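S.K.:
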Amino acid sequence: MRWPVLTLLAIAATASAVIAGVEGQPMAWPELADLAAGVGVGWLVTAMWGCLGMLLGVGLHSVAVPIGLGLVWLLAVQNLLTAIAAPLVGWIAQLQTVLPGPNAAALAAALGASTRTPGVAAIVSAGHAAVVVAAYLVAFCVCGGWLLHRRDIV
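Under our numbering, the letters of the sequence shown match residues 133 to 286, in that order.
1) Could you check the C-alpha separation between V230 and G259 for me, to the nearest Å?
2) Report the three-state DSSP secondary structure of T247 (helix, strand or coil).
3) Skipping 5 residues on each side, what residues in its chain have a beta carbon closer than 7 Å to that of G202?
4) If contact is defined by three or more beta carbon pairs under 8 Å, each pair taking one atom from either stretch, is the segment 167 to 182 in contact with the segment 233 to 246?
5) Distance check for L206 and E163, CA to CA, integer angstroms please.
6) Tell whether a beta-carbon distance below 9 Å holds between V252 and A241.
7) Taking only three categories from DSSP, how would you classify P198?
8) From the DSSP output, in three-state form, read off H260 for me.
9) Whose CA, out of W223, Q228 and V204, lies closest to the CA of T214?
10) According to DSSP, is M159 helix, strand or coil?
11) Do you know how far the Cα of V150 is from the Cα of A144?
12) Does the CB of L280 have a neighbour CB from chain D at under 9 Å?
13) Taking the straight line between their C-alpha atoms, what separation do you get for D284 and S194?
14) Considering only their Cβ atoms, is the gap separating A262 from V173 smaller than 9 Å?
15) Between which residues of its own chain and V256 is the CB-CB distance below 8 Å, once the five residues before and five after are set aside?
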């Protein structure tokens with residue numbers, strides 16, 4: 133799970149260096165602590181969504197259906213909840229504080245991502261978001277492992 137995040141970091145750093153060189157601008161790299169926090173958050177969010185995909189794949193014994201369900205949830209349902217339902221219905225606004233997508237977005241916002249970016253909003257604190265995303269990661273892994281062992285191994 134760490135390789136996609138580190139690969140993306142290397143590609144982004146290379147592109148930044150090339151653009152700065154072409155534009156004749158000085159390079160201003162982030163501090164090592166900020167870089168480590170970004171890689172850690174990227175790994176945590178990527179691992180959480182990957183483990184959800186694993187859980188759906190094990191649970192549905194398929195590849196296409198879990199991908200479709202995951203994309204529908206991530207791109208359609210959560211966006212509808214965030215953009216349309218949450219401002220109108222109070223309990224849905226409260227529900228967002230424990231959903232995986234808004235908490236992953238809150239982690240991105242805590243690292244400095246622009247809240248003008250669609251889907252990025254700091255609806256909870258960074259600590260709360262990290263705990264919720266980590267809890268989902270553990271829950272998805274445990275449920276997927278249990279289901280695999282219960283149904284396919286035993």
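Cβ coordinates follow ideal geometry from the N, Cα and C atoms, glycine included.
None of these values were measured; they are calculated from a predicted model.
M.R.: Looking at the atomic coordinates:
1) In a straight line, the C-alpha of V230 is about 13 Å away from that of G259.
2) coil
3) L184, G185 and L188
4) yes
5) 32 Å
6) yes
7) Look at P198 here: in three-state DSSP terms it is helix.
8) In the displayed model, H260 falls within a helix according to three-state DSSP.
9) It is Q228 whose Cα lies nearest to the Cα of T214.
10) coil
11) Between A144 and V150, the C-alpha separation is close to 10 Å.
12) The chain inventory of the structure shown lacks chain D, comprising one protein chain alone.
13) 14 Å
14) yes
15) T229, P234, N235, A238 and V264
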